[in-house]
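Here the sequence shown is numbered in UniProt numbering, starting from 1 and rising by one per residue. Glycine included, each C-beta is placed from N, C-alpha and C at the ideal position. This report refers to the structure that appears directly beneath it.
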Amino acid sequence: MSSKPTMRDVARKSGLSIATVSRVINFPGEVPAETAEIVTAAMRYLNYRPNINGRRLKMSQTRTVGVLVPTLANPVFATSVQGIEQEANIEGLTVLLTSSNYDPEREMGAVSALLNNRVDGLILTLANADNNPVVDLLLAEKIPFVLLFNQPERADIAAISVDNAKSAFDITNAMIAKGHRSLVMVAGQFESSDRSRQRYDGFCRALDEAGIEKKHLVQVRFGETDLVEPLRDLLLGPDAVTGIVCSTDMLAIAAISACRAHGLSVPGDVSVGGIDGISVGGLITPKLCSAVQPTQEMGRQALAFLRGLIKGQTNPQSLLLPHHLSDGDSIGAFRGDSRRRSSTRV
């Protein structure tokens, strides 16, 4: 095998034909998911990078940008895309959009599909920004890109986010200030979101600074809307919590529903807080307390940064936009033993 792996090497490693490997790289949407996973695993093992830049050098700019987000089911991403599209309309750009469904294995195929559509640059929300073959590929091929919502540790990547850890730190401290000492964080799976891990770090830091040793964590799949069983023991057991900090507003809304299913009131028995600031949080009862992100502005700023890179700017910029706590009603004062718990509650 040569020092630089080839498509033939990937085919040999995966046990598939060169034509199949080529289809996975160039037309991932036309290949069964199982086949794509086999080829992607072989590419990772061999550290194979498709020669994308060679094709791109032959192309003129198309005034088209690609956007990859985990999902559009969560309004936080839909709002950021709205910000991107508003800025793109002003600049006369076309936006191509795709999603990864929070699956790191789908990111490379999705990015390849966008590049095959001749986009001039990319705005991406990835599962893990600091250990990601997509980032390695784009840097190696000198393809302009900006990360959105990710906070990479390295300084050579353009990124727009809020301070994820500080967001969770602030909403957790809001509960601690109300007298709560027994708290749980409900978070999306860390392997699918570095933002979730960073927010848990902020939750832990707030507890540490308050001298609270016990840290409860419940991890769930993204898109999970039924927290009745995952939270049962922590709501009804002998070590029942009085506060639930959630890594997203969608999880916070699901947590409020779970509390009610167990006969508990919010915030009378349990306080609940979220992170994101989606508009629906202000429409529920009680109104959700949240660490609010300027999501639409983040999308606009991401496109502005990307346009600079496409024009030849060589120093990627990163920016953390400010967040603030909303004035919701879902966090209340700790009420001691006023809550009656019973294992027979359903």
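Residues near A42 in its chain [Cβ-Cβ closer than 7 Å; skip 5 each side]: V10, K13 and S14
Coil, strand or helix - D276 by DSSP: strand
Continuous alpha helix (DSSP H) assignments of at least 4 residues falling wholly in the stretch 202–287: 232–236 and 249–261
The alpha helix (DSSP H) enclosing Y112, as first and last residue numbers: Checking the sequence shown, residue 112 turns out to be Ser, not Tyr. Segment P104 to N116, the alpha helix (DSSP H) holding S112.
Status (buried if at least 16 other CB within 10 Å, exposed otherwise) for Q293: buried
CB contact flag (F203, M185, <7 Å): yes
Outcome for R195 when other beta-carbon atoms lying within 10 angstroms are tallied against a minimum of 16: buried
Alpha-carbon spacing of N47 relative to M7, whole angstroms: 11 Å
Among R300, P104 and G277, nearest to A291 - alpha-carbon criterion: G277
Where the alpha helix (DSSP H) containing S182 begins and where it ends: From DSSP, S182 is part of no alpha helix (DSSP H); its letter is neither H nor E.
For residue 394, the three-state DSSP class (helix, strand or coil): Absent from the structure is residue 394, since the part of the chain shown begins at 1 and ends at 346.
Neighbour-count burial assignment, P32, 16 or more Cβ in a 10 Å radius: exposed
Between the CA atoms of L72 and V280 - distance to the nearest angstrom: 15 Å
Coil, strand or helix - S330 by DSSP: coil
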